[in-house]
Amino acid sequence: MQVLAVYNVVGRGGDAVQVLEMAQALQNLGHNVQLLGPTLLRPYDFSTKEGRLRNLARRLPWWARDCIELTLQWRLNRTAKKVLAREHFDLVFHRASIYDFVGARLAQMTTTPVVAHLDAPFAIERAFHGLGHFASLHKHCMRRLGQSVRLVLTVSAASKDYYVKLGIPEEKILVMPNGISSELLKVGMELAKAFPPFSDPGLCTIGFVGSLSRWHRVDLLLEALRELGAPRDPRWQVKIVGFGEE
Numbered sequence: 006m007q008v009l010a011v012y013n014v015v016g017r018g019g020d021a022v023q024v025l026e027m028a029q030a031l032q033n034l035g036h037n038v039q040l041l042g043p044t045l046l047r048p049y050d051f052s053t054k055e056g057r058l059r060n061l062a063r064r065l066p067w068w069a070r071d072c073i074e075l076t077l078q079w080r081l082n083r084t085a086k087k088v089l090a091r092e093h094f095d096l097v098f099h100r101a102s103i104y105d106f107v108g109a110r111l112a113q114m115t116t117t118p119v120v121a122h123l124d125a126p127f128a129i130e131r132a133f134h135g136l137g138h139f140a141s142l143h144k145h146c147m148r149r150l151g152q153s154v155r156l157v158l159t160v161s162a163a164s165k166d167y168y169v170k171l172g173i174p175e176e177k178i179l180v181m182p183n184g185i186s187s188e189l190l191k192v193g194m195e196l197a198k199a200f201p202p203f204s205d206p207g208l209c210t211i212g213f214v215g216s217l218s219r220w221h222r223v224d225l226l227l228e229a230l231r232e233l234g235a236p237r238d239p240r241w242q243v244k245i246v247g248f249g250e251e
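The opening residue of the sequence shown carries number 6 in this note's numbering; numbering runs sequentially from there.
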């Protein structure tokens, strides 16, 4: 299939990694994927214009960042309209955002099925970080998105319940947890069996690889290890590989 993958994120950081990995997963299944967004995706490049924009945005109040996001959506909407007018796609895959109106517009622009992806509940994450959001606008956008697209993917049953309460039809939501390629997992298991510390049968090593954001609650992993007896019990240890605020 010819797939148009649409995103509305600044091109650096964890969001960009997620978009690239979802596109790669579709390519691994044999589909041709074209990425479309307001900026290029360079998740590990801090020196680009996109990287500097993201760093600047982090220092702004939440309402200013949200206004920037709405502006990027307006830009993306214009670009998507031009692309859909000149090219044919079998599927449009859209990573939706907190005030998403692009997904509904995509569904109006084309007869091609539009599938939207919604991450963990935006408002709950905002509250965790002590930030606000435009609640009425968020609810309106989510309801309109759910009414317009063919299918909505989200990452957990709790996320599904949240979006159903906002007005997205339950029968349109498919829960698909985040994960990694099974091939990468297979290679990782083979390496773990061959190299220490994972290869030590007398030692249980738990590994965490990912963004070290407070929202990801890596501290709960450390608390669980303490419940098991670490660090006093030498049979348990944790290896953490990541980058972030923690």
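Where a beta carbon is used, it is the ideal one built from N, C-alpha and C, also for glycine.
Quick caveat: nothing in here was measured; it's all calculated off a predicted structure.
DSSP three-state label for residue 168, please.
The answer is helix: DSSP assigns residue 168 an H, G or I state.
Taking the beta strand (DSSP E) that residue 212 belongs to, which residues open and close that run?
For residue 212, the enclosing beta strand (DSSP E) begins and ends at 209–216.
CB-CB under 7 Å to residue 147, same chain, minus the five flanking residues each way: which ones, in chain order?
Only 168, 171, 172 and 173 meet the Cβ criterion.
Taking all protein chains shown into account, do 16 or more other C-beta atoms lie within 10 angstroms of the C-beta of residue 178, making it buried, or fewer, making it exposed?
buried
Are there 16 or more other CB atoms within 10 angstroms of the CB of residue 63, so buried, or fewer, so exposed?
exposed
Note down, in chain order, each residue of its chain lying with its Cβ closer than 8 Å to the Cβ of residue 129, except the 5 sequence neighbours on either side.
So the list reads 167, once near-sequence residues are dropped.
Between residue 196 and residue 207, what straight-line distance do the alpha-carbon atoms span, to the nearest angstrom?
One C-alpha to the other measures close to 17 Å.
Which residue or residues does DSSP assign as beta-bridge partners of residue 7?
Residue 7 is bridged to 37.
Note the first and the last residue of the continuous beta strand (DSSP E) segment covering residue 100.
96–100
So, using beta-carbon positions, are residue 85 and residue 41 closer together than 8 Å?
Using a Cβ distance threshold of 8 Å, residue 85 and residue 41 count as a contacting pair.
Tell me residue 245's beta-bridge partners as DSSP assigns them.
213
Checking the sheet assignment: what are the DSSP bridge partners for residue 159?
123 and 180
In the DSSP assignment, find the unbroken alpha helix (DSSP H) run with residue 73 in it and report its ends.
67–91
Decide if residue 127 is buried, meaning its Cβ has at least 16 other Cβ atoms within 10 Å, or exposed.
Label assigned to residue 127: buried.
Grab the span of the alpha helix (DSSP H) containing residue 45 for me, first residue to last.
Unbroken run through residue 45: none, as it is neither H nor E.
Report all residues from its chain with a CB closer than 8 Å to the CB of residue 136; omit the five preceding and five following residues, and keep chain order.
67
Can you tell me the Cα-Cα spacing of residue 110 and residue 180, whole angstroms?
23 Å
Does the beta-carbon of residue 74 have 16 or more other beta-carbons within 10 angstroms, so that it is buried, or is it exposed?
buried
Can you pull the DSSP bridge partners for residue 12?
Beta-bridge pairing links residue 12 to 100.
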